[in-house]
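Undergrad: Take this structure, written in structure tokens, and hold onto it; I'll ask about it next.
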Amino acid sequence: MGDPEATGSYRVWPDGTVQSVEEGAAHTWMSDDYMRVEATSEDEALRIALQREAENYKDDARLE
Numbered sequence: 515m516g517d518p519e520a521t522g523s524y525r526v527w528p529d530g531t532v533q534s535v536e537e538g539a540a541h542t543w544m545s546d547d548y549m550r551v552e553a554t555s556e557d558e559a560l561r562i563a564l565q566r567e568a569e570n571y572k573d574d575a576r577l578e
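In the working numbering, the protein residues as written are 515 to 578.
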């Protein structure tokens, strides 16, 4: 088994689709509006992306 603390790069799309960058090019059937995150798993990548989106939403709301 690999190192559980090792991180990898992941693409996370707004619909929750997660893809490891190690798989190669982004899914051709998906849009190019993904977020790239460093994480230890796909689940963590999704959690990080959702957290970043929530923070961005809060920042946008403050500007209104």
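Every residue, glycine too, gets a C-beta built ideally from N, C-alpha and C.
#1: Excluding the 5 residues preceding and the 5 following A540 in the sequence, name in chain order all residues of the same chain whose CB lies nearer than 8 angstroms to its CB.
#2: Out of S555, Q565, V535, point me to the one whose CA is closest to E519's CA.
#3: Taking the beta carbon of A568 as the centre, do at least 16 other beta carbons fall within 10 Å, making it buried, or is it exposed?
#4: Leaving out five residues before and five after G530 in sequence, what residues of the same chain have Cβ atoms less than 8 angstroms from its Cβ?
#5: Of the residues W543, I562, K572, M544, which one's Cα is nearest the Cα of R550?
TA: Inspection of the coordinates gives the following:
#1: Along the sequence shown, read from residue 1 onward, the residue named residue 540 stands at position 26. Result list for A540: R525, Q533, D546, Y548, in chain order.
#2: Working through the sequence shown from its first residue, we reach residue 519 at position 5. Nearest option by C-alpha distance: S555.
#3: On the sequence shown, position 54 is the one that residue 568 refers to. So A568 counts as exposed.
#4: Here residue 530 refers to the residue found at position 16 of the sequence shown. Within the same chain, G530 has close Cβ partners L560.
#5: The count along the sequence shown starts at 1 and reaches residue 550 at position 36. Ranking the options by Cα distance to R550, first place goes to I562.
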